[in-house]
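Protein chains: 2
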Amino acid sequence: MMETCSLIRMEDKIKTFSKFGDTGKGGITRFSLSPEALAARAEFKKRMEALGAAVVTDDMANMYATIPGAEDLPAIMTGSHLDSVKQGGNYDGVLGVLTAMEAAETIVKDQIYHRHPITVVVWTNEEGARFEPAMMSSGVLCGKFDKAAMLASEAKDIPGYTFGEALEASGYKGNEANRMSPEKNCALVELHIEQGPVLYNEGYDIGVVEGVCGMINYEFTFTGQADHAGTTPMKYRKDALYAAVKTIQYLHDELDKLDSKLVYTTGKISAHPNIHTIIPDEVKFTLDARHQDPEVIKQVLDIIQRIPPEVEKCKASYEEAWARKSVVYTPRLVDFVEKSAQEYGYLYKRMYSGPGHDAQYMIDVIPTTMIFVPSVDGHSHCELEYTPVENCLKGANVLLKTLLYIDRE
Amino acid sequence: MMETCSLIRMEDKIKTFSKFGDTGKGGITRFSLSPEALAARAEFKKRMEALGAAVVTDDMANMYATIPGAEDLPAIMTGSHLDSVKQGGNYDGVLGVLTAMEAAETIVKDQIYHRHPITVVVWTNEEGARFEPAMMSSGVLCGKFDKAAMLASEAKDIPGYTFGEALEASGYKGNEANRMSPEKNCALVELHIEQGPVLYNEGYDIGVVEGVCGMINYEFTFTGQADHAGTTPMKYRKDALYAAVKTIQYLHDELDKLDSKLVYTTGKISAHPNIHTIIPDEVKFTLDARHQDPEVIKQVLDIIQRIPPEVEKCKASYEEAWARKSVVYTPRLVDFVEKSAQEYGYLYKRMYSGPGHDAQYMIDVIPTTMIFVPSVDGHSHCELEYTPVENCLKGANVLLKTLLYIDRE
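Protein chains in written order, with the numbering used here: chain B, 34 to 442; chain A, 34 to 442.
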């Protein structure tokens, strides 16, 4: 008989955790280390201890709740984060913790034999909604971020109030020796909502995540001349907005010729002086482009580099704001996820993640993969974020089965 | 012998008035009824009284300095405004007052015979830089604005502080009976800098202003869907910025087919939520279009109305923010300006004004026209605003001659 998590318990977990930071409008605001987040942590600790787990925290307040295995082996980790953006939803991050808790609870209650300890992990400050940057604590553990700089990160709402102070006050700051490590941990599986419409629109239950798309983010600047709208004949104008419009159209025309999995976004635009009777003398916009294949990202760069230095008599320039290399998850773990989905008869799609997750840092340290469940209408980072509990359960089952495959290899 | 104003006196006037509100960087900040503007008014009053003028003010603090004529006839008016925008220049408005003062001084000192009284006028709050709207007092006199509403206009920098209070405190509030009127005044001539590059670029000394361009101002709104830049395939997107880009390009393509004297500007744009990793769900931009011929403005409207209700899967809508009908100045006065320029041998161009001026309201009440002098490089409403004194003198001469033509008709 196939191991199966409990729909009733899954539903109870989602409902319970939705109360911590409830906005009253279908979502939550639960900034990392806020009173609401600490209440969620306390609930997590209480429930995991009730299952017989030992709960410890490390120096970044990451929580590790470990149920013992039959043998003295490194632990298999699974989990995600409990914090949210402002007016976020009840699924981003937290569902990865709740399905991990449910898988652990199923293992304990159904007395499923497992050789490795199972550690349910909660990463601190994934969203970076109050203290930047995002994925702060996984980044510190994996050497992406300098810890001292992170401790000095200031709250967006209170100047001078630092992440370090919030950490000290939280009661969850533990010992650096408790950090995850390749010696203590042999694998990590993170379940997450897709945060996009693909699985939902195409009718899939599960996303088998092969990696994280590489991305580039560029800022373009066009410099023209500010003149009076009523006195400057068209032929004398240097209209920076028109130069930007021409360039956005060029980018669409050229980027649309590349692989159809490429996504690109011009999300931010500003004009100066931004007055209806003045020709804009400076316009900036951003381009975000993502694809799993570094070769396609290179083609995007080629297209950017073909923008001439002068567009519509305006000076055109651009600079890379930031970039992220493609991440490829551990193939054998990816295959376990696929095999698990197949065994339950779930419809699944192999895919790359567009957004970043803690797991993408962890892959540098230990074997790692991810599982996606659909987001209804693709909504995320908003109160409309939703995944039906039946589909959450399918995710928990695939997670459970994947943990057991890892345990038995 | 031809009547001629004085270069030395013209230069002295410009230098003197440039001190009132001097920014120290080549320009002035002289908001209407500010201490700096009151100092300029005091200088105006002192100088005009020294010429033998009687100076009175009306209930909107408009100043009228009248030198008597040989006969009992309505006065010929000339003048402009003394207030500026923030960090404005030494020519916009004030040059119309200074050339009027210089013309009057030449008439008095050279004992030029004239039948009509000559009134040099200073309009209050043309710029609307501190108390909106622009052209406030001429608008009240001509019935465009409700006086009570204007008195209640709040300062942009001090909430609750009204134009009415500034007026009471100024010491320049006079009697409503002193307002200009068709009974007391037979004509108005306003000299102004062009505020655009045409005269300067094409080498003209004088603009013979035939009227003011009609204009329309529209705001366009595109409504799409805010989705994550990394998770939303291109085919599912409703990108409001791309819809706006397509529409701006459409407007350029179509409007460029109309008369070459049409000027149009997309000066203001905003995107929501304006985050580089989110597809914009709402983008707004403005279109300002101006032409002297109402038929061309109608063609612009036709082009706007052909925008479909859906552009790139986004809802497209637009509304008129405001509009101004074309103004045609009094043809016989326009001809006097042209004849005057011809007599001095100045290079002139018949043209329409793009920006608005007090004179465009006055035309509804009395015969009115305007004279333009070149703006070097078209700069205006900034500290770079400049017209060489030699060209200011040419303007003063044409103004003087035009007043004498009116006097002698």
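For glycine and all other residues, C-beta sits at the position ideal for the given N, C-alpha and C.
Members of the region 169-199 of chain A that neighbour chain B once the beta carbon cut-off is set at 7 Å: none
Short Cβ contact (8 Å threshold) for residue 418 of chain B with residue 58 of chain B: no
Which of helix, strand or coil DSSP assigns to residue 431 of chain B: helix
Closer than 8 Å to chain A by CB, residue 233 of chain B: no
Coarse secondary structure for residue 283 of chain B, derived from DSSP in three states: helix
Short-range partners of chain B found in the region 292-326 of chain A, where Cβ spacing is below 7 Å: 296, 298, 299, 300, 301, 302, 304, 307, 308, 309, 310, 311, 312, 313, 319, 321, 323
Close Cβ partners of residue 217 of chain A (< 7 Å) along its chain, the five nearest in sequence each way excluded: 107, 108
Environment of residue 271 of chain B [buried if 16+ CB atoms lie within 10 Å]: buried
Per-residue DSSP class, three states only, for residue 49 of chain A: helix
Residues within the region 268-295 of chain B neighbouring chain A, beta-carbon criterion of under 7 Å: 269, 274, 275, 278, 281, 282, 285
Interface flag, residue 261 of chain A vs chain B, CB-CB below 8 Å: yes
Local conformation of residue 398 of chain B per DSSP, three classes: coil
Distance, residue 250 of chain B Cα to residue 66 of chain B Cα: 30 Å
Residue 49 of chain A versus residue 204 of chain A: straight-line alpha-carbon distance, rounded: 22 Å
Per-residue burial, residue 333 of chain A [other beta carbons within 10 Å of its own, 16 or more giving buried]: buried
Closest Cα partner of residue 253 of chain A within the set A:375, A:141, A:260, A:276: A:276
Three-way DSSP call (helix, strand, coil) for residue 173 of chain B in this model: helix
Spatial distance of residue 235 of chain B from residue 433 of chain B (CA atoms): 24 Å
Chain B within 8 Å of residue 413 of chain A, Cβ atoms only: yes
Cβ of residue 228 of chain A within 8 Å of any chain B Cβ: yes
Uninterrupted alpha helix (DSSP H) stretches inside the region 35-109 of chain B (no shorter than 4 residues): 40-50, 68-83
Bounding residues of the beta strand (DSSP E) (the contiguous stretch that carries residue 314 of chain A): Taken as a continuous stretch (DSSP letters only), residue 314 of chain A belongs to no beta strand (DSSP E), as it is neither H nor E.
Opening and closing residue of the alpha helix (DSSP H) in which residue 203 of chain A lies: 196-203
CA-to-CA distance, residue 161 of chain A to residue 353 of chain A, given in whole angstroms: 22 Å
As assigned by DSSP and simplified to three states, the class of residue 328 of chain A: helix
Min CB distance residue 123 of chain B to chain A below 8 Å: no
Residue-chain proximity (residue 139 of chain A, chain B), Cβ-Cβ < 8 Å: no
Residue 35 of chain B, buried or exposed, once every other Cβ within 10 Å from all chains shown has been counted against 16: exposed
Continuous beta strand (DSSP E) stretch holding residue 351 of chain B: start and end: 347-357
C-beta contact flag for residue 391 of chain B and residue 201 of chain B at 8 Å: no
Status (buried if at least 16 other CB within 10 Å, exposed otherwise) for residue 361 of chain B: exposed
Cα-Cα separation, residue 397 of chain A to residue 274 of chain A: 43 Å
Where residue 75 of chain A falls, given that 16 or more other Cβ within 10 Å makes a residue buried: exposed
Beta-ladder partner(s) of residue 121 of chain A, from DSSP: A:61
Local conformation of residue 206 of chain A per DSSP, three classes: coil
Three-state class that DSSP yields for residue 184 of chain B in the structure shown: helix
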